[in-house]
Amino acid sequence: MPASSQFGLNIPDPDQEAARDDAGIILEQLKSPNDNDIAAITSLWIATGLIPAIRDTRQDIENCINADHGCLIIARHPQNNQIIATMMTGHDSFHGWIHYLAINPDAQNLGIGRELVTLAEDILRASGLSEVRITIENPAAGDFYAKLGYDWIDSVTDKTPPERSQNMIMRKSLDQ
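Here is the structure:
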């Protein structure tokens with residue numbers, strides 16, 4: 001995993017277990033989540049409105065971890081080791097994708113989200129990709145990504161029950 005230090009974070013390489021940023025937040029590529037990790041990630045995703053309470057996240061997590069081009073990064077609180085942020089990234093050989101960026105509400109506005117997106121971009125750029133995309137439902141998330149240089153390209157309707165939602169697709173060139 002390439003290094004990124006816009007906020008002074010020391011990003012772990014694939015052979016390291018974890019790294020700490022200047023504030024002590026622990027970044028880790030989660031390769032073998034245990035039941036407590038899955039429960040914590042599920043709770044975080046529900047608390048941030050990323051997924052409905054009825055969704056089974058274990059399959060999404062396992063699909064990412066077991067994919068040839070998937071990576072799940074988590075951030076842990078330095079004092080209690082609780083998972084406070086997640087981000088999945090991967091690619092389909094044409095476009096990079098960011099999924100499941102979630103930050104605990106108590107840890108928002110500290111630069112963690114920005115640093116995780118930068119890390120995802122670095123990972124995808126190192127894979128030889130020139131563009132990253134994200135699908136979002138939350139308009140506030142669209143504003144966040146726009147500030148990071150992402151442009152709106154399309155809207156799609158998620159027809160998956162139980163909720164049908166309008167999702168926005170945004171992209172950013174990695175050639176910059």
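Under the UniProt record's numbering, read the sequence shown as residues 1 to 176, first letter to last. C-beta atoms are modelled at their ideal positions from N, C-alpha and C, and glycine is treated no differently. Keep in mind that this is a model prediction, so the values were computed, not measured.
Three or more C-beta pairs below 8 Å linking the segment 74 to 85 and the segment 55 to 64:
no
With burial defined as no fewer than 16 other Cβ atoms inside 10 Å of the residue's Cβ, what is the status of Ala102: buried or exposed?
Within the sequence shown, numbered from 1, the residue matching residue 102 stands at position 102. Classification for Ala102: buried.
Quick one: is the Cβ of Ala102 within less than 7 Å of any heavy atom of the ligand MN?
In the structure shown, the ligand MN is absent, as is every other ligand, since no ligand is present at all.
Since Glu62 is in the alpha helix (DSSP H), which residue starts that stretch and which ends it?
In the sequence shown, counting from the first residue as 1, residue 62 sits at position 62. Segment 57 to 66, the alpha helix (DSSP H) holding Glu62.
With distances taken between CB atoms, is the gap from Trp97 to Thr86 smaller than 8 Å?
On the sequence shown, residue 97 is found 97 positions in, with the first residue counted as 1. On the sequence shown, residue 86 is found 86 positions in, with the first residue counted as 1. Going by C-beta atoms, Trp97 is not nearer than 8 Å to Thr86.
Counting only beta-carbon separations shorter than 8 Å, does Thr135 have a partner in chain C?
The question asks about chain C, but that chain is absent: this structure has only one protein chain.
Through-space distance from Leu174 to Leu148, alpha-carbon basis
Position 148 of the sequence shown, counted from the start, is the residue given in the question as residue 148. Position 174 of the sequence shown, counted from the start, is the residue given in the question as residue 174. Going by the C-alpha atoms only, they are around 12 Å apart.
Beta strand (DSSP E) containing residue 180: first to last residue?
There is no way to answer for residue 180, as the model of the chain reaches only from 1 to 176.
DSSP state of Ile41 mapped onto helix, strand, coil:
For the purposes of this step, residue 41 is identified with residue 41 of the sequence shown, where counting begins at 1. Ile41 falls in the helix class under three-state DSSP.
Grab the span of the beta strand (DSSP E) containing Thr48 for me, first residue to last.
Taking the first residue of the sequence shown as position 1, residue 48 is located at position 48. Neither: Thr48 is in no beta strand (DSSP E) and is coded neither H nor E.
If we require 3 or more residues per run, which beta strand (DSSP E) segments fall completely within the segment 71 to 136?
71 to 76, 83 to 91, 96 to 103, 131 to 136
Terminal residues of the alpha helix (DSSP H) in which Gly142 lies
Residue mapping note: residue 142 aligns to position 142 of the sequence shown, counting from 1. Unbroken alpha helix (DSSP H) run through Gly142: 139 to 147.
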